[in-house]
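Asks: Can you read through this structure? Questions will come right after.
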Amino acid sequence: MNPAERVAQLRQEIDDHNHRYHVLDAPIVSNREFDLLYRELVELEKEHPDLVSSDSPTQRVGAEPQERFRKVAHREPMLSLANAFDEDELQAFYRRVTKQLEMEEIGLVTELKIDGVAVSLTYENGRLHHGATRGNGLEGEDVTSNLRTIRSLPLRLREGPHPSTAEIRGEIYFPLSGFERVNRQRSEEGEAPFANPRNTAAGALRQLDPAVTATRPLAFFAYSLGHTEGLEFTSQGEVLSQLIRWGFPVNPHHKSHAGLPSVIEYCQSWEERRDSIDYEVDGIVVKVDRLDLQDRLGAVSREPRWAIAYKFASQVAATRLVEIRLNVGRTGALNPYAILEPVELGGVTIRTATLHNQEDIRKKDIRPGDQVLIKRAGDVIPQVVGPVDKDEEGRGEPYAYPGECPECDSPIVQDPDEALVYCRNVNCPAQRFESLKHFVSRAALDIRGLGPKTLRKLLELELVAGPADLYSLTAEQLSGLEGFKEKSIENLLAGIDGSRRQPLPRVLFGLGIRHVGETAAALLAGEFRGVERLMQASPERIMEVSGIGPEIARSVADYFEVEENREQVKRLRAARLQLKMAGDDRDAPTALEGKTLVVTGTLPSHSRREISELIKANGGKVTSSVSKKTGYLVAGSNAGSKLRRARELEVPVLTEEEFLKLLQGEP
Ligand code: IVH
């Protein structure tokens, strides 16, 4: 087989596996096997640059950042939908439609209304040519490079006709599980969480650097066709079937109905079940199934007469915003939140809600004293939507951030790169409290018996100011604290003492350096093997570590430039904490020295690549297949054949959590 044939064959196979994995959720090869095919293709394309083409699976990421997005006119306008808020309005819709068409009964299709961002994808002769946002419906922005990073979106149409032009329309969304994962990671790294999945998806899609988009687990559902040449369909049901054959993810919950009664049932049943799926849905789209009837019905003012959106009763309530307060995080970032007059929403009483940032408050013109709308979506924390009535008389003054930190009165500064403001006083009591809380937390030094109340008390009595002070606490000092008896004092002191044995990655994570989560801490520990060496490294040197980007590198270097932080490290060393990897002062092996590991399946919070980097950083080797020599198999969900093989050979199998514990030196 010549290289061109092999390249074509590899692309086909990789596309098939991608489709099975990301669209059908039914992979038939392991990730390792997939990686091997992929690597072969990368190598061949490197050797034969003339064979590279834009629809190759290797070309999903890597496009250069852009200055701005090109505008694209939609060849057919992207319409919006009229709403129906209850059963009566659905009935009115059906009456209008049957009357205009002079028919008794009309077949309808119902689909979930995905709460994401509408996009249009143009395929020319079967290849993705460009993709655009909806924009104002007539003209959108060309976000092709970003769309290409979404794995479930085919770069080439699969089965069926490949018309000269086919325009596919659908919704980009942020799956809730991915949203929670990203936010968990952000809060661990001292960054403000994203507000809601929809806006985060929209933001990710409008990133000028596709590499950033690629880090967000966006997904896609196709639901209709725009301008498409040389193809005739007779119904929406047929369109959906062709979209599936072309390889697009189509939401599985669509349904055909002979008339209205079962549509109403469908709407009601989803109203109750909307929390059971991994994406936000704000209603049901009801469409006339036959396309010829759709044409006859036409559109009025950008809304088709052949479809309507049944909107779920929204989880919105109105209440009074009593006060805007600022919460100081451990890195000094100030996050505004609203104190509300308690209000019932979706069965829970809400007393506080987030306000994102200063700019958002200004844009929505939210002022203390306002009647405001509060929204709760899925599991996401309640948010303030905005004032009920901006023109109401006697409103308070527009809100402005105070010039000083609410906790320590030192001046606050705006970070020029971000929308965040900071308190830069490392001695700020709120930062001290949050830092200590982080230091003793489970994933860091894991000191039990030091709850928030006790920490607050210790700070108040000035028994501790920073983490290092914990190690000189005495039984006598603790005996003065409320609720501390002989036994609990003994336990706490033993817990503090035991934490001296926690390995370097945990200590490094516990320092609470911005952007340094558990993964980054383990990578840095594996590379520098001691805080001393890390402290002396330049950001450029730190960035050389695979898996560490410029943001983390900068933040680590900045952290160690602060005198107080260096002092804190010195005192932790004096308190005999593990500031080196075990292997560096004795000859003891690192956690995975000499071991060979295999990683398989979908892991709950890390990618397989991250886990592999961690293995290598900790002295282990990664291979693709399980054998008698395999030390451990790290297995996630859908592990398949490797898991079976490991069991046969009695190779120990670890969950992600167990693996991370192992790195930390726990049995
Ligand atoms: S059909 C003219 N189907 O809802 C038909 N839209 O308000 C309009 N949407 O901009 C598109 N899920 O972003 C259709 N299954 C679905 C949908 C859907 C979500 C969004 C889409 C559109 C908005 C209309």
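So the mapping is simple: the working numbering equals the position in the sequence shown, first residue as 1, plus 19. Glycine residues also receive a C-beta, built at the ideal position from the N, C-alpha and C atoms.
With DSSP as the reference, label E24 as helix, strand or coil.
Replies: Looking at E24 - three-state DSSP - the assignment turns out to be helix.
Asks: Under the rule that 16 or more other beta-carbon atoms within 10 Å means buried, what is D389, buried or exposed?
Replies: Looking at its Cβ environment, which holds 16 or more other Cβ atoms inside 10 Å, D389 is buried.
Asks: Do you know offhand how far L591's Cα is from K614's?
Replies: Distance between the alpha carbons of L591 and K614 is about 31 Å.
Asks: Is any heavy atom of ligand 1 found at a distance shorter than 7 Å from the C-beta of L310?
Replies: No; taking the cut-off as 7 Å, the Cβ of L310 has no heavy atom of ligand 1 nearer than that.
Asks: Quick one, what's near ligand 1 if you take every residue whose CB is closer than 6 Å to any heavy atom, in chain order?
Replies: This selection yields L98, S99, L100, E130, K132, I133, A137, R153, E190, Y242, S243, V304, P323, A326, A328.
Asks: Check whether the region 309-323 and the region 281-292 touch, using three or more Cβ-Cβ pairs below 8 Å as the test.
Replies: The region 309-323, when compared against the region 281-292, does not touch it at the 8 Å Cβ threshold.
Asks: Put I33 into one of helix, strand or coil per three-state DSSP.
Replies: Looking at I33 - three-state DSSP - the assignment turns out to be helix.
Asks: Would you decide whether P84 is buried or exposed? Buried here means 16 or more other CB atoms lie within 10 Å of its CB.
Replies: The residue is exposed, with fewer than 16 neighbouring Cβ atoms inside 10 Å.
Asks: Measuring straight from C-alpha to C-alpha, what distance separates L131 and R225?
Replies: Computed Cα separation, rounded: 24 Å.
Asks: With a threshold of 8 Å between beta carbons, is V588 in contact with chain D?
Replies: Looking at the structure shown, chain D is missing, and only one protein chain is on hand.
Asks: Would you give the residue range spanned by the alpha helix (DSSP H) that N584 belongs to?
Replies: Looking at the DSSP string, the run of the alpha helix (DSSP H) that includes N584 is 582-593.
Asks: Taking 8 Å as the cut-off, decide whether the C-beta atoms of F240 and V201 are in contact.
Replies: Against a cut-off of 8 Å, the Cβ pair of V201 and F240 comes out as no contact.
Asks: Looking at I431 and C442, is the spacing between their C-beta atoms short of 8 Å?
Replies: Contact flag set, yes.
Asks: With DSSP as the reference, identify every bridge partner of K640, one or two as the case may be.
Replies: T615, per the DSSP bridge assignment.
Asks: State the Cα-Cα distance for the pair Y57 and E251, rounded to the nearest angstrom.
Replies: Those two C-alpha atoms are separated by around 37 Å.
Asks: With a threshold of 8 Å on Cβ separation, who are the neighbours of P236 within its own chain once the five nearest residues in sequence on each side are excluded?
Replies: The answer, listed in chain order, is F193, P194, G197, R200, V201.
Asks: Please go through the same chain and pick out, in chain order, the residues whose beta-carbon is closer than 8 Å to the beta-carbon of S429, but skip the five residues on each side of it.
Replies: Contacts found: E423, C442, R443, N444, C447.
Asks: Taking DSSP's pairing of strands, which residues face Y329 in a bridge?
Replies: The partner list for Y329 (beta bridge, DSSP) reads A103, I303.
Asks: Who are the near neighbours of G256 in its chain, counting only those whose CB is closer than 7 Å to its CB and skipping five residues on each side?
Replies: Closer than 7 Å at the Cβ level, and outside the excluded window around G256, lie V128, S275, D308.
Asks: Taking A337 as the reference, give the member of A610, A352, V300, D408 with the closest Cα.
Replies: When each option's Cα is compared against that of A337, the closest is D408.
Asks: In terms of DSSP beta bridges, what is I369 paired with?
Replies: According to DSSP, which records beta bridges pairwise, I369 is partnered with V362.
Asks: In angstroms with no decimal places, state the Cα-to-Cα distance between S72 and A539.
Replies: So the two alpha carbons sit approximately 35 Å from each other.
Asks: Can you tell me whether DSSP reads T493 as helix, strand or coil?
Replies: Three-state result, T493: coil.
Asks: Does DSSP put R89 in a helix, a strand or coil?
Replies: R89 falls in the coil class under three-state DSSP.
Asks: Straight-line CA distance for D311 to E95?
Replies: Cα to Cα, the separation comes out at about 17 Å.
Asks: Which same chain residues end up closer than 8 Å to R605 when comparing Cβ atoms and leaving out the 5 residues on each side of it in sequence?
Replies: Per-residue confidence for R605 stands at a pLDDT of 38, beneath the threshold of 50, marking its modelled position as unreliable; no derived number is given.
Asks: With C-beta atoms as the reference, is K330 less than 8 Å away from D294?
Replies: Going by C-beta atoms, K330 is not nearer than 8 Å to D294.
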